[in-house]
Amino acid sequence: MTDPSTALLLKNVSRAFKVRKRYPGKLFSTPSAVPGLKDVNLRVAQGEAVGLIGANGSGKTTLLKIMSGALMPSSGTVLAPFRPRLISLNGLKLPNLSVLENTELMLRAHGRKSKQATREALELIELAELGEKTYLPYNTLSTGMKARLGFYLATINRPEILLMDEMLSVADGRFQETAQNLLRSMIEQSQAIVIASHSMKTITENCSRTIVMHKGTPVFDGASHEAVATYLGIKRRP
21 MTDPSTALLL
31 KNVSRAFKVR
41 KRYPGKLFST
51 PSAVPGLKDV
61 NLRVAQGEAV
71 GLIGANGSGK
81 TTLLKIMSGA
91 LMPSSGTVLA
101 PFRPRLISLN
111 GLKLPNLSVL
121 ENTELMLRAH
131 GRKSKQATRE
141 ALELIELAEL
151 GEKTYLPYNT
161 LSTGMKARLG
171 FYLATINRPE
181 ILLMDEMLSV
191 ADGRFQETAQ
201 NLLRSMIEQS
211 QAIVIASHSM
221 KTITENCSRT
231 IVMHKGTPVF
241 DGASHEAVAT
251 YLGIKRRP
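The sequence shown maps to residues 21 to 258 in the working numbering.
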């Protein structure tokens, strides 16, 4: 990757998922491949905040996972000067552990020592206004509460390239203003940010450029207000 103005580059990226289908009258299932992404070419410049919109199943989350390195493409290349960090509502995977234990584990994964992880975890939980939930199981949190905590966890070590999957659109109204202010600060300090959301307001307020995904393929890449119009037009099709 030789262009210093590029934060993230995807070349001819495709991803197929293996499934097995069972047909009537046959004893054994038959393996087949279902395409998730098809020949995606995408460049994110330094300092850009790029939106990603599309219907459920259009390929947004698969694309973000490939950008982050959490999922390998079936073909194609992903290049970035720094490893992108993906945050989503599925970022914490141990629902039966407490909110504190989950947050501590995330901090330990980012290099904090035990006592430092506990101290920072308690601070983050208070920032997210979840102090009364500190010692309760993580799976007792509402979707909005998980979004608040996940958003603050994104501030750990301030990643150079940040990928966000449906975080702001599920945050409750009282948290929206705080989240917007923090997001603007993160956009200013990060190399690049990609935001996937079903909230058109989130996209148009934070992204000057937006990509519309449809059946695993980008069908529009341009100004956010035009992208929203394109997406709404696709939704209205019979």
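In this text, a Cβ means the ideal position worked out from N, Cα and C, and glycines have one as well.
Computed from a prediction, not measured in an experiment: that's the story for all the values here.
Inter-residue CB distance, residue i and residue j (contact presumed, cutoff 8 Å)
i    : j    : result
L173 : V119 : Not really, about 11 Å apart at Cβ, beyond 8 Å.
A27  : A212 : 4 Å
L72  : K80  : 5 Å
G236 : G56  : 6 Å
S228 : I181 : Between I181 and S228 the Cβ distance is about 17 Å, and since that is not below 8 Å, they are no contact.
L150 : A141 : Rounded, the Cβ-Cβ distance is 11 Å, inconsistent with contact.
N- and C-terminal bounds of the alpha helix (DSSP H) containing residue i
i    : result
S260 : The structure shown does not extend to residue 260, since the chain is modelled only from 21 through 258, so no value can be given for it.
R256 : 244-256
G170 : 163-173
A137 : 134-147
Separation of residue j from residue i, as counted between CA atoms
i    : j    : result
V64  : A100 : 10 Å
E186 : S134 : 30 Å
R257 : P238 : 17 Å
D23  : S88  : 20 Å
L29  : R204 : 23 Å
S94  : S162 : 35 Å
M165 : P44  : 45 Å
N61  : E152 : 46 Å
L147 : E197 : 14 Å
Buried/exposed call for residue i, threshold 16 Cβ in 10 Å
i    : result
G77  : exposed
L114 : exposed
G253 : exposed
N122 : buried
P104 : buried
A129 : exposed
K38  : exposed
Endpoints, the beta strand (DSSP E) within which residue i is located
i    : result
A69  : 68-73
I213 : 212-216
G96  : 95-99
Cross-strand partners of residue i (DSSP beta bridge)
i    : result
K38  : A53
D185 : S108, A216
F240 : V232
P157 : S118
A27  : Partner(s): none; A27 has no beta bridge.
L62  : L30
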